[in-house]
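S.K.:
In the numbering used here, the protein residues as written are 21 to 146.
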């Protein structure tokens, strides 16, 4: 995968992280709960708990918005970056075009997949 795709991906992830942080920071409900937790000296436990919150549940609930709700504008991936990505290479196996994840798996099987970089990019610690 090319650096341009990785840079775009990181920019989108950072934008999402900032948006989530701002939304949580502005929530009166969250502020009240954090104050209660702080008053009861439970911040360390909170940090450990937050580490195990599943982002899949958050993303899943966000993608099931009611129709008509306006979504934020996300910049499109430049054509040059799409060409560097596995999906942009239009990889086919047995006459069927591979999805992005299938193309990544195919790269992995061919030994071209950089597992350490993938773990780092997805912020997974082993």
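We treat Cβ as the ideally placed atom computed from N, Cα and C, and that holds for glycine.
Quick caveat: nothing in here was measured; it's all calculated off a predicted structure.
Residue 129 to residue 145, Cα distance in whole Å?
M.R.: If you take the alpha carbons of residue 129 and residue 145, they lie about 22 Å apart.
S.K.: Based on DSSP bridge pairs, tell me the residues matched to residue 113.
M.R.: The partner list for residue 113 (beta bridge, DSSP) reads 116.
S.K.: Considering only C-alpha positions, which residue in the set 139, 112, 142 is nearest to residue 126?
M.R.: Selected option, being the one with the closest Cα: 112.
S.K.: Less than 8 Å separating the beta-carbons of residue 26 and residue 132?
M.R.: Cβ atoms of residue 26 and residue 132: not closer than 8 Å.
S.K.: Measuring straight from C-alpha to C-alpha, what distance separates residue 36 and residue 65?
M.R.: Between residue 36 and residue 65, the C-alpha separation is close to 25 Å.
S.K.: How big is the Cα-Cα spacing for residue 120 and residue 33?
M.R.: Rounded to the nearest angstrom, the two C-alpha atoms are 17 Å apart.
S.K.: Any idea what DSSP makes of residue 60, helix, strand or coil?
M.R.: DSSP places residue 60 in coil when its eight states are reduced to three.
S.K.: Just to check my reading of the structure: residue 56 and residue 63 have Cβ atoms closer than 8 Å, yes? What is that Cβ distance to the nearest angstrom?
M.R.: Not quite, the Cβ-Cβ distance comes to about 11 Å (not below 8 Å), so this is no contact.
S.K.: Would you decide whether residue 123 is buried or exposed? Buried here means 16 or more other CB atoms lie within 10 Å of its CB.
M.R.: Buried, by the Cβ-count rule.
S.K.: Pull up the distance between the alpha-carbon of residue 49 and that of residue 116, whole angstroms please.
M.R.: Distance between the alpha carbons of residue 49 and residue 116 is about 49 Å.
S.K.: Looking at the secondary structure, which residues open and close the alpha helix (DSSP H) in which residue 141 lies?
M.R.: Start and end: 135-141.
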